[in-house]
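The sequence shown runs 953 to 1231 under the numbering used here. Beneath this line is the structure, given in structure tokens, with notes to follow.
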Amino acid sequence: MPEGFLAVSSRPSASLPLSEYHEWYEEEHIPIRLNRLPSFLSGARYQAVDLEQPGAEEHEHVKPSWLAIYEIASTDTFQDPSYTSLREKRSEREKDVMSRLDVLVRLTAELVGVWGEAEGKRSTGLKLDRPSGVVVTHGLDIRGTEDKSPDEADQLVKTWAEGVHKDLQNKYKTWVRMRAVRVLDSGKAKLGKAVDLREDERSAYFIIHGAYFEKFPLKTSIHLYQPWAEFAGEEDAVVDAVSMSSHTSTGSTLFSTKDCRIWKLYKAYPCIAQGNLEA
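Now the structure itself:
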């Protein structure tokens, strides 16, 4: 089976102190997955940077402020009882925490491909040692593919990704790699109750860009779509996936992006699959 990917973004409400939110993640949510399930190959948590922008809090919708992302050995994991039972039999503590999250968005996905530097050269991706210090995420849709199979649509995404990654790799020294995944399932909850995803939150694909820095830049008041240029002091704004793909057409196919977000590393975790739980 193909490799999987899991992304969960959330935001604690005013009734959930940040310290309690982190304690739940660190003491319960992360360990019962990464410490017990060999199918979880990696896991890392990130904090939103774009919410630090002037006027960001004036947005009409509540945006998640934290992101947890995981590499999964196989998409079979999403139906395996070892994983599904964790959601079906939540602890009372987890139920209580989730009832105090302003928003939680979860998606499961299938890996389409990874482009850029091999892991270990400058960054170990989501794994310990040198995890990506900054990630930029966004959804990706393709118009004009109604008559195409998932494999055919994936091939179009691969062609798009080849062009995007070469451009970024050539222009920006801080860009490391890009991962594209096809969304299998997604859902949203507010204060523990399921709600519908907005149209701008629904995408056929999810894209994750990783960047590398010797240390995280102190300057975080950045233009929403110029993360690497501002961070690294590069003269030109980064031509990231949003500006590159929104108007990129291939024949009758048009790629468009949604909900571009910028995140800085909070923590990458050891796991049983990496054999480094004592790290």
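Using N, Cα and C, we set each Cβ at its ideal position, and we do this for glycine too.
Per DSSP, I1160 forms a beta bridge with which residues?
-> Position 208 of the sequence shown, counted from the start, is the residue given in the question as residue 1160. The partner list for I1160 (beta bridge, DSSP) reads T1089 and R1131.
If you check the beta carbons only, do L1059 and V1135 fall under 8 Å apart?
-> Within the sequence shown, the letter at position 107 stands for residue 1059. Within the sequence shown, the letter at position 183 stands for residue 1135. Contact: yes.
Looking at the unbroken beta strand (DSSP E) that takes in K1145, where does it start and where does it end?
-> What you label residue 1145 is simply residue 193 of the sequence shown in a count that begins at 1. Start and end: K1145 to V1147.
From I982, E1151, G1065 and A1220, residue whose alpha carbon lies closest to that of T1249 = Outside the displayed span of the chain (953 to 1231) sits residue 1249, for which this structure offers no information.
How many Å lie between G1227 and I1021 at the Cα?
-> Numbered from 1 along the sequence shown, position 275 holds the residue referred to as residue 1227. Numbered from 1 along the sequence shown, position 69 holds the residue referred to as residue 1021. So the two alpha carbons sit approximately 19 Å from each other.
Status (buried if at least 16 other CB within 10 Å, exposed otherwise) for A1220 = As a position in the sequence shown, residue 1220 is number 268, starting the count at 1. Under this definition A1220 is a buried residue.
Identified DSSP bridge partners for A996 | For the purposes of this step, residue 996 is taken as the residue at position 44 of the sequence shown. In DSSP, A996 forms a bridge with I1021 and A1220.
Whole beta strand (DSSP E) runs in the region 1041 to 1090 with 3 or more residues, listed along the chain?
-> 1053 to 1068
Under 6 Å Cβ to Cβ from E955, same chain only, skipping five residues before and after it: list those, please.
-> The residue you call residue 955 lines up with position 3 of the sequence shown. So the list reads L1063, once near-sequence residues are dropped.
What residues in its chain sit with their C-beta under 6 Å from that of W976, if we drop five residues either side in the sequence?
-> Here residue 976 is taken as the residue at index 24 of the sequence shown, counted from 1. The answer, listed in chain order, is V1049.
For D1099, which of helix, strand or coil comes out of DSSP?
-> Reading the sequence shown from its first residue, position 147 is the one you call residue 1099. Looking at D1099 - three-state DSSP - the assignment turns out to be coil, as it is neither helix nor strand.
Kindly confirm or deny that the region 1036 to 1056 and the region 1104 to 1123 touch, where touching means at least three C-beta pairs closer than 8 Å.
-> no
Terminal residues of the continuous beta strand (DSSP E) containing L986?
-> Working through the sequence shown from its first residue, we reach residue 986 at position 34. Here L986 belongs to no beta strand (DSSP E); instead the alpha helix (DSSP H) covers P983 to L986.
Out of curiosity, what's the CA-to-CA distance linking K1079 and T1097?
-> What you label residue 1079 is simply residue 127 of the sequence shown in a count that begins at 1. What you label residue 1097 is simply residue 145 of the sequence shown in a count that begins at 1. The alpha-carbon atoms of K1079 and T1097 are separated by roughly 35 Å.
Should the region 1064 to 1073 be called in touch with the region 1110 to 1125, which here means at least 3 C-beta pairs below 8 Å?
-> yes
In terms of DSSP beta bridges, what is G956 paired with?
-> What you label residue 956 is simply residue 4 of the sequence shown in a count that begins at 1. G956 is bridged to I1024 and E1062.
Of the residues L1092, I1160, C1223 and H981, the one placed nearest W1215, counting alpha carbons only | Against the sequence shown, residue 1215 aligns to sequence position 263. Ranking L1092, I1160, C1223 and H981 by Cα distance to W1215 puts I1160 first.
Report yes if the C-beta of A1141 is less than 7 Å from at least one heavy atom of the ligand ADP; otherwise report no.
-> With respect to the ligand ADP, the structure offers nothing, as it holds no ligand at all.
Pairwise C-alpha distance: R1131 and Y1124 | Within the sequence shown, residue 1124 is the residue found at index 172, counting from 1. Within the sequence shown, residue 1131 is the residue found at index 179, counting from 1. Approximately 17 Å between the Cα atoms of the pair.
Would you report the Cα separation of D1211 and H1090, rounded to the nearest angstrom?
-> Position 259 of the sequence shown, counted from the start, is the residue given in the question as residue 1211. Position 138 of the sequence shown, counted from the start, is the residue given in the question as residue 1090. The alpha-carbon atoms of D1211 and H1090 are separated by roughly 5 Å.
R1150 (DSSP reduced to helix, strand or coil) | Here residue 1150 refers to the residue found at position 198 of the sequence shown. Note: R1150 maps to coil in three-state DSSP.
Assign D1192 to buried or exposed, taking buried as 16 or more other Cβ atoms, counted over all protein chains shown, within 10 Å of its Cβ.
-> As a working mapping, residue 1192 is identified with position 240 in the sequence shown. Low confidence applies here, because D1192 scores a pLDDT of 41, under 50, leaving its location unreliable and the question unanswered by this model.
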